[in-house]
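The numbering of the sequence shown is our numbering, which starts it at 23 and goes up by one.
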Amino acid sequence: MFHNINVKVYETILELVLIFLGCSRLVSSACPGICFCPPLSDNVFCSRKNLPFIPSGVSPDTVQLNMNENNFLTPSLFRSNFSSYTKLEHLYISSCGIERIEVDTFADLTKLQWLDLSKNRLKVIEDYSFRGLTLEHLFLNDNPGMRISKNAFVGLRTMGLYLHNCAISQLSLEVIRPMNRTLKYLWLDGNKFESFQIDWLYVFRTLSHTRLAGNPLHCNCEVGWLFEFYKNNLKMFTGVDPPSCRTPSRLRAKNFNELSAEDFRCQLPVFKKVDAIFEEQVGKLNCVATGDPVPTIQWLKPGNEVETFKPKAKSDSNDNYGILYLSDPQATEDLVYKCVASNPAGNVTFSLNVVWPPKYSRDQFIINTPKPTPPPTLPPTKVILIPDPETLEKDKSKEKEKLDKISKSNNNEKSDILEKSEKPILPGTETPKKTENSNDDTFVINASKSGMSMKRETTIEGGFSLTDIIGAVVGTFLLTLLACIAIFHIVNRRYNHNLMYKSQNGLQEKQTNNHIIVDARTEHMKMLQNNI
23 MFHNINVKVY ETILELVLIF LGCSRLVSSA CPGICFCPPL SDNVFCSRKN
73 LPFIPSGVSP DTVQLNMNEN NFLTPSLFRS NFSSYTKLEH LYISSCGIER
123 IEVDTFADLT KLQWLDLSKN RLKVIEDYSF RGLTLEHLFL NDNPGMRISK
173 NAFVGLRTMG LYLHNCAISQ LSLEVIRPMN RTLKYLWLDG NKFESFQIDW
223 LYVFRTLSHT RLAGNPLHCN CEVGWLFEFY KNNLKMFTGV DPPSCRTPSR
273 LRAKNFNELS AEDFRCQLPV FKKVDAIFEE QVGKLNCVAT GDPVPTIQWL
323 KPGNEVETFK PKAKSDSNDN YGILYLSDPQ ATEDLVYKCV ASNPAGNVTF
373 SLNVVWPPKY SRDQFIINTP KPTPPPTLPP TKVILIPDPE TLEKDKSKEK
423 EKLDKISKSN NNEKSDILEK SEKPILPGTE TPKKTENSND DTFVINASKS
473 GMSMKRETTI EGGFSLTDII GAVVGTFLLT LLACIAIFHI VNRRYNHNLM
523 YKSQNGLQEK QTNNHIIVDA RTEHMKMLQN NI
């Protein structure tokens with residue numbers, strides 16, 4: 023009986039010790055006051071607390087630390103921030119405004135399995151940022167514009183890598199290769215990939231699950247391998263949206279499960295322009311070709327030399343330009359240059375026989391001709407046309423005698439007579455005869471017996487004809503008449519104005535006189551009354 027009592031006492035004491043030890047464990051597990059720490063666990067939840075950093079008081083024995091959706095004051099993470107939490111297995115730092123991760127920031131967290139850095143503002147993942155870690159899942163998604171260095175994942179082992187919704191347009195295969203032995207889940211959906219090179223097939227074959235939807239894929243023959251991989255590995259894409267095409271336009275918004283292998287085709291290159299331009303010391307051969315995908319251009323020179331022009335990395339056009347400069351102005355032989363445009367659909371060639379144009383001196387084609395001499399300047403002449411006999415009766419008697427003499431000479435000589443002063447005359451003209459009572463500088467031209475009517479036109483010094491004089495006289499007369507009319511109008515208007523003014527003044531004077539007479543009579547009547 024005593025033995026049984028001792029056993030019961032021993033069991034009671036043991037239970038009290040165990041309870042005490044459990045309570046001491048609860049007391050020793052510190053928890054920041056602003057955070058939530060479930061009892062009998064090593065988890066700390068500090069999410070959505072607007073904390074500027076990891077709060078003090080977090081136990082070094084913490085296994086799971088959740089800091090999601092806080093606003094860190096310092097946008098960089100350093101090794102010193104986590105060196106005390108060597109037992110961490112789950113670390114969540116999502117939506118905290120982080121922009122940079124220092125190299126080896128998580129090097130002390132050797133037991134870490136889940137690392138969530140999603141929905142921050144990470145700009146670049148530096149080389150060796152995660153070396154030494156063996157993770158199950160690494161979340162870097164929803165960091166738009168994030169750039170990943172070539173050796174960012176060197177030294178990292180992880181089963182899952184999540185890079186969706188990061189606006190990534192290009193990702194080197196060398197970035198993924200270091201994880202190739204352990205990587206099973208790769209999410210690349212929601213980015214800006216237009217194509218995947220066939221080298222990616224080496225990585226995709228090792229995966230258990232992948233996501234590629236939401237990328238603007240250009241579905242030509244370069245992506246045909248990816249379509250075949252999708253058709254042959256549908257289980258890998260189970261439960262997610264299939265990849266889709268953005269271009270070309272005939273395949274826009276088409277999912278892979280709606281297409282066939284014939285839809286993924288390329289366009290053979292076509293030359294748009296091939297020309298040659300030569301200057302004094304430099305020649306230029308220009309070759310422009312288009313195709314889908316953009317072709318690579320090669321210039322094959324004499325002597326089997328090759329100059330290659332690859333397509334630009336980012337271009338909205340399917341054209342490529344190959345410009346070859348020449349500098350051998352002494353070459354006289356025909357040289358053959360070939361422009362070759364090639365892409366996965368095939369290649370085309372254009373040949374040019376090039377020879378430098380001959381070099382000419384700038385003065386070679388200038389002809390030394392004498393300067394033309396100006397014609398001799400002749401003095402001005404005055405010409406008088408003698409009218410016919412019908413107009414002679416109206417002239418003065420003296421002028422009538424002259425005309426009679428001239429008409430007689432016309433009948434006798436049957437030719438025109440020219441009279442002028444002794445001055446040089448033009449070759450091929452007859453020497454005129456001088457008429458009586460004519461000035462030294464006057465020529466008289468008489469018409470021959472042709473029956474044509476002659477008009478009388480006289481000119482005075484200065485070269486004015488009778489028509490000009492008559493026009494001047496008439497114009498002067500009209501101007502004088504207009505001036506007279508204007509003056510008459512002005513004078514008449516002034517006269518009427520004065521007349522009206524005088525009439526108004528006369529009426530006022532008359533009215534004033536009448537008032538004076540009335541006032542005088544009134545005063546006279548007043549004076550008579552006073553006398554009476």
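Cβ atoms here follow ideal geometry from the backbone N, Cα and C, with glycine treated the same way.
Taking residue i as the reference, give the member of the options with the closest Cα.
{"i": "residue 366", "options": "291, 320, 345 and 342", "result": "291"}
{"i": "residue 270", "options": "239, 252 and 262", "result": "239"}
{"i": "residue 314", "options": "296, 369, 283 and 279", "result": "369"}
{"i": "residue 203", "options": "164, 77 and 228", "result": "228"}
{"i": "residue 190", "options": "164, 173 and 181", "result": "164"}
{"i": "residue 245", "options": "505, 90, 273 and 493", "result": "273"}
List the residues that DSSP assigns as beta-bridge partners of residue i.
{"i": "residue 209", "result": "184 and 233"}
{"i": "residue 341", "result": "312"}
{"i": "residue 11", "result": "Here the chain has residues from 23 to 554 only, and residue 11 is not among them."}
{"i": "residue 306", "result": "299 and 347"}
{"i": "residue 371", "result": "362"}
{"i": "residue 557", "result": "Residue 557 lies beyond the residue range present for the chain, which begins at 23 and ends at 554; the question has no answer from this structure."}
{"i": "residue 87", "result": "66 and 113"}
{"i": "residue 329", "result": "321"}
{"i": "residue 136", "result": "112 and 159"}
{"i": "residue 376", "result": "357"}
{"i": "residue 277", "result": "266"}
{"i": "residue 99", "result": "123"}
{"i": "residue 492", "result": "Answer is none; residue 492 lacks a bridge partner."}
Taking the straight line between their C-alpha atoms, what separation do you get for residue i and residue j?
{"i": "residue 140", "j": "residue 118", "result": "9 angstroms"}
{"i": "residue 519", "j": "residue 507", "result": "18 angstroms"}
{"i": "residue 154", "j": "residue 335", "result": "35 angstroms"}
{"i": "residue 209", "j": "residue 216", "result": "16 angstroms"}
{"i": "residue 324", "j": "residue 264", "result": "51 angstroms"}
{"i": "residue 207", "j": "residue 114", "result": "19 angstroms"}
{"i": "residue 278", "j": "residue 169", "result": "28 angstroms"}
{"i": "residue 304", "j": "residue 362", "result": "22 angstroms"}
{"i": "residue 16", "j": "residue 316", "result": "Past the boundaries of the shown model lies residue 16; the chain is included only from 23 to 554, so the question cannot be answered."}
{"i": "residue 469", "j": "residue 514", "result": "Caution applies to residue 469, whose pLDDT of 41 falls short of 50 and renders its modelled position unreliable; the value that the coordinates give is listed next. Near 57 angstroms, if we compare the C-alpha coordinates of residue 514 and residue 469."}
{"i": "residue 378", "j": "residue 342", "result": "26 angstroms"}
{"i": "residue 221", "j": "residue 247", "result": "10 angstroms"}
{"i": "residue 176", "j": "residue 201", "result": "8 angstroms"}
{"i": "residue 358", "j": "residue 312", "result": "23 angstroms"}
{"i": "residue 232", "j": "residue 268", "result": "20 angstroms"}
{"i": "residue 338", "j": "residue 252", "result": "28 angstroms"}
{"i": "residue 73", "j": "residue 94", "result": "6 angstroms"}
{"i": "residue 173", "j": "residue 149", "result": "5 angstroms"}
CB residue i to CB residue j, shorter than 9 angstroms?
{"i": "residue 179", "j": "residue 157", "result": "yes"}
{"i": "residue 151", "j": "residue 127", "result": "yes"}
{"i": "residue 171", "j": "residue 147", "result": "yes"}
{"i": "residue 162", "j": "residue 185", "result": "yes"}
{"i": "residue 243", "j": "residue 213", "result": "no"}
{"i": "residue 307", "j": "residue 347", "result": "yes"}
{"i": "residue 211", "j": "residue 234", "result": "yes"}
{"i": "residue 310", "j": "residue 344", "result": "yes"}
{"i": "residue 249", "j": "residue 281", "result": "yes"}
{"i": "residue 78", "j": "residue 92", "result": "no"}
{"i": "residue 86", "j": "residue 103", "result": "no"}
{"i": "residue 181", "j": "residue 205", "result": "yes"}
{"i": "residue 131", "j": "residue 160", "result": "no"}
{"i": "residue 75", "j": "residue 96", "result": "yes"}
Excluding sequence positions up to five away, which residues of its chain have a Cβ less than 6 angstroms from the Cβ of residue i?
{"i": "residue 124", "result": "100"}
{"i": "residue 372", "result": "293, 296 and 361"}
{"i": "residue 224", "result": "none"}
{"i": "residue 53", "result": "59"}
{"i": "residue 18", "result": "The requested residue 18 is not part of the displayed model; the chain covers only 23 to 554."}
{"i": "residue 89", "result": "68 and 115"}
I'd like the list of long-range same chain contacts for residue i, defined as Cβ closer than 7 angstroms, with 5 residues on each side in sequence excluded.
{"i": "residue 300", "result": "378 and 379"}
{"i": "residue 134", "result": "110, 111, 113, 128, 155 and 157"}
Tell me which same chain residues have a C-beta within less than 8 angstroms of the C-beta of residue i, skipping the five on either side of it?
{"i": "residue 435", "result": "Bear in mind that the predicted position of residue 435 carries a pLDDT of just 49, short of 50, making it too unreliable to give a figure here."}
{"i": "residue 286", "result": "241, 242, 243, 245, 246 and 249"}
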